[in-house]
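Student:
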Amino acid sequence: MLMMNVKENKQDKILDASIKVFSKKGYDLATIDEIARKARVSKGTVFFYYKKKDNLIEKAAIKSVPVEEITDVNKRDHKSAKDLLIDFGLSFLKKYENPDLRNLLLMTMATKERYKQIDSALRTMCFQEMNKMFSKLEELVKQSVPDPIRKAFFGSLLCYVIWWNDNKISPEDYVRNLTERFLNMITKKE
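Here the numbering used here = 1-based position in the sequence shown + 16.
1. If you draw a straight line from the alpha carbon of Ile134 to that of Lys110, how long is it in whole angstroms?
2. Less than 8 Å between the CB atoms is what I'm expecting for Tyr112 and Val177, so what's the real figure, rounded?
3. Would you please state the rounded distance, in angstroms, between the beta carbons of Lys36 and Thr61? I believe it to be under 8 Å.
4. Please report how far the alpha carbon of Leu38 lies from the alpha carbon of Ile102, in whole angstroms.
5. Helix, strand or coil: how does DSSP classify Asn183 here?
6. Going by DSSP in three states, Ala46 sits in which element: helix, strand or coil?
7. Please report the distance separating the alpha-carbon of Ala97 from that of Arg166.
8. I need the boundaries of the alpha helix (DSSP H) containing Arg139, first residue and last residue.
9. Find out if the Cβ-Cβ distance for the pair Lys40, Val57 is shorter than 8 Å.
10. Note down the Cα distance separating Lys184 from Ser172, rounded to an integer number of angstroms.
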C-alpha cells in the first residue's frame, strides 16, 4: 500500500509539474528536463512513469478539461434546473481559477487538430457527461433542450474562462445571471 502511494505521489508530482510547464511554454517548447526539474525528480523517473512526452501531454490535456467536474455534478441530486445549472457553472469556473489549467485548456483546444487522439478522447468523455447532465436538465424542465442552446450555455462559461482577468463580475454572479437568462430562454413559450 505504501509503495503504491509513493508511486501515485510521484506520478501526480510529475503531472502537476507538466501542467505548469506546458501552461507556460506550450506542448512543443516544454522539455522533459524542465518538467523533471519542476517535479524534483530525475528525467528517467518521468520516462519510467510516462514512457514518452506525448503520454504526458495526453494526461495533462485530459486533466485540463472539466470531465471530473461534470461527472461530480451528475452524481449529485438537484431539486431544480436552476440548482443543476448553478452547480455545474460554479464547478466549471472553480476549476479554472487555476491559471495553469485555464491556459492548458485553451492550448488543448487550439491544438486539437494536431493531437487527434486527445481530441477524440476528450470529446467522448465530455460529450457523454454533458449529455447526461442535459438529460437531467430536460427531466427537471420537462422539455427538450436543443443542442445549439446547450452549446450556448457551455460557450458562455468558456467566454468567462477566456477573459478571466477582464471580468468585472464574480463567478458566482455570472453563473446566477447566466442560469436565469438560460432558463428564461428554454422555458419561454412561443
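No residue lacks a Cβ here, since even glycine has one placed at the ideal position from N, Cα and C.
Nothing here was measured: the structure is a model prediction, and the numbers come from that model.
Tutor: According to the structure shown:
1. 23 Å
2. 5 Å
3. The Cβ separation is near 17 Å, so there is no contact.
4. Per the sequence shown, the amino acid found at residue 38 is Phe instead of Leu. Between Phe38 and Ile102, the C-alpha separation is close to 31 Å.
5. coil
6. coil
7. 13 Å
8. 132–157
9. no
10. 15 Å
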